[in-house]
Amino acid sequence: MSLIDNEQTKLSFVLPHRLFPKAGTAFRADALATALNTAATSCFTVGIATPIAGYLYNVGGLRTALPLWVLAGGLVAWFAASVVPHLSARRVLRRLRV
Numbered sequence: 116m117s118l119i120d121n122e123q124t125k126l127s128f129v130l131p132h133r134l135f136p137k138a139g140t141a142f143r144a145d146a147l148a149t150a151l152n153t154a155a156t157s158c159f160t161v162g163i164a165t166p167i168a169g170y171l172y173n174v175g176g177l178r179t180a181l182p183l184w185v186l187a188g189g190l191v192a193w194f195a196a197s198v199v200p201h202l203s204a205r206r207v208l209r210r211l212r213v
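Count along the sequence shown from 1, add 115, and you get the number used in the working numbering.
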């Protein structure tokens, strides 16, 4: 008898969703919140941390090629792009509280 044919193994895949239907919803909401927060972290890294490091270390002559006001405008836009998914993730997690 293989592990796949084991009745206990089959039940472990069926029971959580059948007996606890809200548990599946909680797991999906948690996964959605994690994905949103990961997107927020990625936006922060790509749009804020990387340009600041490039500007500080003058990678590729960035200080002379990019005016400071353009850099500041991009940082504000990317900061907003990272805050929105983070707040959305918090809202998703807030709905899980009972």
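A virtual CB, placed ideally from N, CA and C, is assigned to each residue, including glycine.
Nearest-angstrom beta carbon gap, residue j and residue i [assumed within contact, 8 angstroms]
| i | j | result |
| --- | --- | --- |
| Gly188 | Pro166 | Rounded, the Cβ-Cβ distance is 11 angstroms, inconsistent with contact. |
Assigned exposure category for residue i - 16 Cβ within 10 Å defines buried
| i | result |
| --- | --- |
| Ser197 | buried |
| Val161 | exposed |
| Val207 | buried |
| Gln123 | Model confidence at Gln123 stands at a pLDDT of 49, short of 50, so the residue's coordinates are unreliable; what they give is reported in the following sentence. Classification for Gln123: exposed. |
| Leu211 | exposed |
| Trp184 | exposed |
Beta carbon of residue i nearer than 8 angstroms to that of residue j
| i | j | result |
| --- | --- | --- |
| Phe194 | Ile163 | yes |
| Ala168 | Pro200 | no |
| Asn152 | Ala204 | yes |
Any C-beta of chain B under 8 angstroms from that of residue i
| i | result |
| --- | --- |
| Ala196 | In the displayed structure, chain B is absent; only one protein chain is listed. |
Curious, which full-length alpha helix (DSSP H) runs of at least 4 residues does the region 153–208 contain?
Counting only runs of 4+ residues, the alpha helix (DSSP H) found wholly inside the region 153–208 occupies 165–171, 177–180, in chain order.
Could you check whether the region 144–154 touches the region 170–177, counting it as contact only if at least three pairs of C-beta atoms, one from each stretch, sit closer than 8 angstroms?
no
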